[in-house]
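Numbering (the working numbering), first residue to last: 2 to 134. Every residue, glycine too, gets a C-beta built ideally from N, C-alpha and C. A quick write-up on the structure given underneath.
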């Protein structure tokens with residue numbers, strides 16, 4: 002009697018849909034979000050330079066921008082840029098701290114990642130309150 006051979010289970014390729022079912026640790030989320038915020042800030046520099054250029058063309062253009070950034074949409078755009086900047090700044094400080102050898106363990110990295118998220122959300126809320134006033 003011949004035994005049936007079993008398929009050998011080994012590594013398999015993963016697809017993009019598999020990433021949605023995977024539960025990432027907070028340290029990975031903090032690292033990925035830091036990179037996304039950096040890329041967002043890189044592209045928002047063009048927007049900021051365009052706004053600066055437009056505001057310096059004439060007093061009318063400057064007043065138009067003042068009116069736009071006083072609207073809800075303008076404040077929302079400013080808040081999104083400030084939110085990305087605040088997260089990227091706090092996460093950058095976290096990386097500098099880790100470069101000094103602090104928080105390189107799993108527990109330390111988790112604590113620093115949670116602290117990064119907490120401080121960033123706090124700064125985002127403060128920016129939202131400041132813009133709402």
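Touch test, the segment 104-114 against the segment 37-56, Cβ-Cβ under 8 Å, three pairs minimum
no
Just verifying my parser: in three-state terms, what is the DSSP assignment at residue 17?
helix
Relative to the C-alpha of residue 132, which residue among 112, 70 and 94 is closest?
70
Using a 10 Å radius around the Cβ and a threshold of 16 neighbouring Cβ atoms, would you call residue 117 buried or exposed?
buried
Close beta carbons around residue 27, own chain, < 8 Å, minus the five adjacent residues each side
111, 114, 115 and 118
Nearest CA to the CA of residue 88: which residue from 16, 39 and 29?
39
Distance between residue 42 and residue 134 (C-alpha atoms, nearest Å)
25 Å
Could you give the first and the last residue of the continuous alpha helix (DSSP H) run that contains residue 124?
107-133
What separation, rounded to the nearest whole angstrom, lies between the Cα atoms of residue 101 and residue 55?
43 Å
DSSP three-state call for residue 104: helix, strand or coil?
coil
Residue 120 and residue 91: beta carbons closer than 7 Å?
yes
Buried or exposed: which applies to residue 85, given that a residue is buried once 16 or more other Cβ atoms fall within 10 Å of its Cβ?
buried
Should residue 82 and residue 45 be called a contact, given that it needs their Cβ atoms to be closer than 7 Å?
yes
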